[in-house]
Amino acid sequence: MSPRKRRAAIVPEQQAYYRALFRAHGDDPRAMGYNDAPTRDERFARLARLFDGEREPFTVHEVGCGLGHFGEFLALRYPMARYSGSDIVDEFVAECRRKFPRDSFHVRDVVAEMPEDRHDYVTMSGTLNGRLSAPEDEWRELVETMLGTMYAMCRRGMAANFLTSYGDPDRRRPELHYQDPAEILDFATRRLSRHVEIDASGPLYEFTLRVHRPESLRRRYPGAEFDRYFA
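If you're matching positions, the sequence shown starts at 331 in this note's numbering and goes up one per residue.
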């Protein structure tokens, strides 16, 4: 079975899981599986380092946008960013459309069918952590397919965060996915771009992957002395 077909098989379970959290907690970080707002914002800040240095308006599309909390974060800290998103839970997308009436939100599975729209930056926060009952080997294939889709959707760069396999093993929960940072670094460098960052410097048992497109990074290094590095 292909990764896209496997994704289609687990979507209903994920939809039911997040709908139950939403019914229990409403518009709250816990509806997204987060513990609280401060640790959620720590994740967001590390994702947003992807576009540090931007001075002109740019677009950010969040895969797994949930209730649009990252959009609210951007509005406060990166007001030049234009936010949009995709999610498989229609209740979440309806809430995002209410909060951001000028922006575009889609009920869709971007892995099942590659979107035609492109954005300067594409991000994902926590969506790849909730493996639930999916087998680990199938989930690892899904992770790679999702990252490839996000890279295809971006014009400048992409970022995603993960629970780390280097964390405290006593804290692990069987329904969650713990990603090996070395494995994802190797995948991203070989399959996406050599311009990759792994940020595990924060306090959480997590890390953030940031991937830059070479043609976008070239804009930050315009001097002739850098030409051979972008040949």
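Virtual Cβ for every residue (Gly too), placed ideally from N, Cα, C.
Looking at the unbroken alpha helix (DSSP H) that takes in residue i, where does it start and where does it end?
i, result
"M488", "That residue, M488, is in no alpha helix (DSSP H); its beta strand (DSSP E) goes C484 to T494."
"D371", "A367 to A378"
"E513", "P511 to R521"
"L405", "Per the sequence presented here, residue 405 reads as Ala, with Leu not at that position. Unbroken alpha helix (DSSP H) run through A405: H399 to R407."
"F422", "D420 to K429"
According to the neighbour-count rule (16 or more other Cβ atoms, all chains shown, within 10 Å of its Cβ), is residue i buried or exposed?
i, result
"N365", "exposed"
"T519", "exposed"
"A339", "exposed"
"E425", "buried"
"E536", "buried"
"F562", "Because residue 562 is not part of the residues shown, which for the chain are 331 to 561, the question remains open."
"D447", "exposed"
"D357", "exposed"
"R549", "exposed"
"G553", "exposed"
"G401", "buried"
"R470", "buried"
"L404", "buried"
Tell me the residue span of the beta strand (DSSP E) that contains residue i.
i, result
"I528", "V526 to D529"
"E536", "E536 to H542"
"F388", "F388 to V393"
"V452", "H449 to M454"
"A411", "A411 to D417"
"H436", "F435 to V437"
Excluding five sequence neighbours on each side, which residues of the same chain lie with their C-beta closer than 7 Å to the C-beta of residue i?
i, result
"R521", "G478"
"T538", "R376, L377, A489, N491 and D529"
"Y347", "G460 and L462"
"Q345", "I418 and V419"
"R503", "none"
Using a Cβ-Cβ cut-off of 6 Å (strictly less than) and excluding sequence neighbours within five positions of residue i, which residues of its own chain qualify?
i, result
"H436", "S416"
"S434", "S414"
"H391", "S414, H449 and V452"
"R412", "T389"
"A464", "I340"
"K429", "G398"
To which residues of the same chain is residue i closer than 8 Å at the C-beta, ignoring the five residues directly before and after it?
i, result
"F517", "E474 and L477"
"L493", "N459, L506, H507, Y508, Q509, Y535 and E536"
"S523", "Y481, V541, H542, R543 and P544"
"R501", "Y535"
So, are the CB atoms of residue i and residue j less than 9 Å apart?
i, j, result
"F556", "Y451", "no"
"Y481", "R543", "yes"
"V341", "D439", "yes"
"A354", "A361", "yes"
"R373", "G456", "yes"
"R486", "F388", "yes"
"V419", "R349", "yes"
"M483", "P445", "yes"
"H399", "P431", "no"
"M410", "E384", "yes"
Report yes if the C-beta of residue i is less than 8 Å from at least one heavy atom of the ligand MN; otherwise report no.
i, result
"I514", "Ligands in the displayed structure: none, and consequently the ligand MN is not present."
Notebook entry, point to check: Touching or not, the region 413-427 and the region 393-403, by the rule of three or more beta carbon pairs under 8 Å?
Noted result: With a cut-off of 8 Å, the region 393-403 and the region 413-427 count as touching, because enough Cβ pairs lie within range.
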